[in-house]
Every structure is written in structure tokens, then in C-alpha cells.
Amino acid sequence: MTPAPDDSTVPAAGSPESEPAATRPVPPRSAASAPEAPRTPPGDAPRRWWRRLRRGSQATPPDPRPDPALDQAPPPLSLQYRNPFQIGFLVTLGGLLAFGMLAALSALQSVVLMGVLSLFLALGLNPAVEWFTRRGAPSGLAVAIVALTLVALLVLGAWAVLPLLTEQVNALVLSFPAYLQGLRENPSVADLDAQFQLINRASQALTSGAWVEGMFGGILGAGVAIANVLFSAFVTLVLTLWFLAFLPGIKNTIYQLAPASRRPRVRYLAGEVFRRIGGYMSGLFLVVSLAAGAAFIFLNLVGLGSYSLALAVVVAGFAFIPLVGPTIAMLIVAVVAFSTSVTTGVITVIFFLVYQQIDAYLIQPRIFQRSVNVPGPLIVIAALSGGILFGIPGALIAIPTVASALLIYREVLIPALDRA
32 MTPAPDDSTV
42 PAAGSPESEP
52 AATRPVPPRS
62 AASAPEAPRT
72 PPGDAPRRWW
82 RRLRRGSQAT
92 PPDPRPDPAL
102 DQAPPPLSLQ
112 YRNPFQIGFL
122 VTLGGLLAFG
132 MLAALSALQS
142 VVLMGVLSLF
152 LALGLNPAVE
162 WFTRRGAPSG
172 LAVAIVALTL
182 VALLVLGAWA
192 VLPLLTEQVN
202 ALVLSFPAYL
212 QGLRENPSVA
222 DLDAQFQLIN
232 RASQALTSGA
242 WVEGMFGGIL
252 GAGVAIANVL
262 FSAFVTLVLT
272 LWFLAFLPGI
282 KNTIYQLAPA
292 SRRPRVRYLA
302 GEVFRRIGGY
312 MSGLFLVVSL
322 AAGAAFIFLN
332 LVGLGSYSLA
342 LAVVVAGFAF
352 IPLVGPTIAM
362 LIVAVVAFST
372 SVTTGVITVI
382 FFLVYQQIDA
392 YLIQPRIFQR
402 SVNVPGPLIV
412 IAALSGGILF
422 GIPGALIAIP
432 TVASALLIYR
442 EVLIPALDRA
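Mind the numbering: the sequence shown is residues 32 to 451 in the working numbering, read in order.
Written out as C-alpha cells, the structure is:
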């Protein structure tokens, strides 16, 4: 028979002896019985701070790789799942924004045209600045020399030419009815005049001043038109000098609009565009100067020296208009020459026709052989379109614009299509 356990030897429930050893609380050790922590030498304290700093400056672990199934782009939403009011609002807002931008461009057409023309003129003067820079002049000094030279030439030219030009133009207008009367004495012209009354109508229009009314709307309209032309010329001159002074910064700003990986290519293409525009504008100035000089010398040789300067200025003004400008100038000069004598008129027409051929096949190809590489039909279309849309400034900038577009077509579009 098993003896009953003694109550004095059985641990009571809840007593420390009855709990498992793993769950028994460890009695705190006294400070006297605790083992002494190892002391760190004084030189190891900075090392511990350095280790903490290294642990805190470690790079964060990379992000976990996403599920490949989630990498697939969601299918595009069809329009039937979108709100029709949202679609209508966005379409209307886009149409209004486009209409507003077109209206703003139409209202600022003259300002934008002056800015573009000034930039083109600055690119045309930039080769002169680069010429001084290559010879050791600072860029600021080179720009100042070119700008002051341009302003001095304009001021001296206006001071020397305007009084004589005004006198000759007034004499030409007053003598024009007499010249028409001289044309009436020619038998061939007299037959045409008897049939169509051309000379009488021209004489009445000139003497009555109807051409002033028709062109400008009276004396006040003529004054306003002259003031607008002078203001536009002054603003264009100021903008040209400003673009010329800050042209390197403008080019760098344009280059920075391209991504960094494509910036060298964009820099090359933009540099070629700027070079072509500048070469065309500077070459155009040379062509106009040669045409005006040749006309001035010829008119003095054939006995029209009293009107040579005024007619040379007319030739120079129309020489800026491609294709049709020289022909219009020839007709104006021929009318004055035929009023003097038939022989002078025939010689004048022959001279201008021969000079146009020399200019078209000898002078301009040598000047524009590097700057403009545009087929003939595109030159005709561009010149006519620019003149119809924006007048003389439009015809002036049309050809270099088409040349730049053809460069981008050859260098960008065709290689992209070949790689496709």
C-alpha cells in the first residue's frame, strides 16, 4: 500500500517550486554578485561611434521585385466606359484653347514677323562678328563694332541719300505727265492709247492724287502708313542688335531644350540651320548691293543721271523680293527710260534682262552655293507664298525657311524612315 504523500513535502499550487523552470522568473542579482563588465580602453570609444555611424549610413535594401503579372499595362479604356460629359468638356476646352492660340497669333502677326525677321537679320550679321572674333577681338567688342558700323552706315546713308532722293522723287512725279505725253507721240503707243485710253487714265490718276487716296486713304492715312513703316523699321533694328548681342546665349537655350542624349545631334542640326539662314541673309545683302550699284552706274551712262539715285534705290528695294522683284524694278525704270527716248528704253530693257541672267546664273549660284540648296520650283512656291501671306518680309524669310525645312527632312526624317 502506497503511503500518502506528506503535505509538507508537496509544493503548493502557485508556489515557485510548482512552476516549470523555463517560466520561473530569474531573481535579480545584486550589484555585488553581478560580474563586472569589461572596460573599454579610451581609444575604442570613437571607434564605437564610428561603427554606429557606418551602420546608420548603410544604403537601404533594394525594393522587392514586383510580381511579373503586375508589370503588364492595363488595357486602354474604351470611350464607352468614359463619362460623355467629361469627353465633351475636354473636347470643347481643347477647341477653345486652339482657337484662342490662333487668335492670339493672328493679332500678334506683325510682332512675330518683326521678331523672326530681326533674328534672321542678326544671323546674317553674325558672320561679320565671327570674323572679328577669329582675329582675336572679344565677342562683346566684335558685336559693338558690327552694331556701331551698321548704325553709322544707316545714319550716314539716310543723311546723304534722303534729301537727294526726295528731290529726285518729287521731280520724277512732277515730270511723269510729260513723260506720258512723250509716250503718246510714239505711233505704236498712240494706237494702243487711242483704243484703251491708258495714258489718259494714268495721267489723270497722277495729277488728281487718286492713287494716294486709293493706297493710303488720304493724307492722314499716308502719314499713318509712313509712321507705321518708320516704327516697324526702328523696332526691327533694335531687335536685330539685341539678337546679335545675345545670339550665343539664345543658341545655347535652344540646344538645352533637347534631351542630353540627343543634344550633340540637335546642336549640329541647329548650327547648320543657323549657318544657312545667316549665309542666305548676308549673301542677299551682297546681291542687292551689286544690283543697285550696277543700276546706278548704268543709269548715269545712258543719260538718266538726274534720277539715277532714286531709281537705284527702287531697284535695291525690289531686289529683296525673290523672282518677281527684279522684273518689277525693270518695268519701273523702263517706263522712265522710254519717256526720254525709245532708244534709251530699249537699251534699258536689254541691260536689265542681261543683268538678270547674269545674276541668276553666275552671281547668285556662287554666293548661295553653300547656304541655300533648294530646288527651283520650291523657291518659286516659297517666294510667292511668303509674299502673299506676309508681304516683303514674308518673301524675304521664305527661302531660308524652306532651306532649313529641307535640311531637317534630309537629316532627320529620311534616316528615321530608313530605320523603320
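Beta carbons: idealized from backbone N, C-alpha and C, even for Gly. Here the structure is a predicted model, which is why all the values come from computation and not from measurement.
- Straight across, the Cα-Cα distance linking L315 with F349 is about 12 Å.
- The closest CA to that of P218, considering only R165, F305 and V373, is found on V373.
- Scanning G126, T123 and L152 for the CA closest to the CA of G309 turns up L152.
- Around the Cβ of L124, a 10 Å sphere holds fewer than 16 other Cβ atoms; the residue is exposed.
- Taking the C-beta atoms as reference points, L136 is found no nearer than 7 Å to P424.
- A Cβ-Cβ distance of about 4 Å is found for the pair A414 and P353, placing them in contact under the 8 Å criterion.
- Only residues of its own chain outside the window of five on either side were considered, and among them V433 have a CB closer than 6 Å to the CB of L409, listed in chain order.
- Boundaries of the alpha helix (DSSP H) harbouring G314: R294 to L332, taken from the DSSP string.
- In the three-state scheme derived from DSSP, where H, G and I count as helix and E and B as strand, N404 is classed as coil.
- Distance from L275 to V160 at the Cβ level is roughly 7 Å; contact confirmed, criterion being Cβ atoms closer than 8 Å.
- Going by C-alpha positions, I412 is about 11 Å away from V405.
- Residue state for N201 is assigned as helix, using DSSP reduced to three classes.
- DSSP places I381 in the uninterrupted alpha helix (DSSP H) bounded by V373 to I389.
- Between the alpha carbons of A291 and A322 lies a distance of about 46 Å.
- Of the residues assessed, Y386 falls on the buried side of the cut-off, its CB having 16 or more other CB atoms within 10 angstroms.
- By the Cβ-count criterion, N157 is buried, with 16 or more other Cβ atoms from all chains shown falling within 10 Å of its own Cβ.
- For E216, the secondary structure class from DSSP, reduced to helix, strand or coil, is coil.
- Here P353 carries a coil assignment [DSSP, helix/strand/coil].
- Looking at the backbone, the Cα of T379 and that of G131 are separated by about 52 Å.
- The three-state secondary structure of R450, taken from DSSP, is helix.
- Put simply, the stretch 328 to 341 touches the stretch 359 to 368. At least three CB pairs are less than 8 Å apart.
- Per DSSP, reduced to three states, the secondary structure at A168 is coil, with no helix or strand assignment.
- Selection T371, L362, M312 and A451 evaluated against A426 yields M312 as nearest (Cα-Cα).
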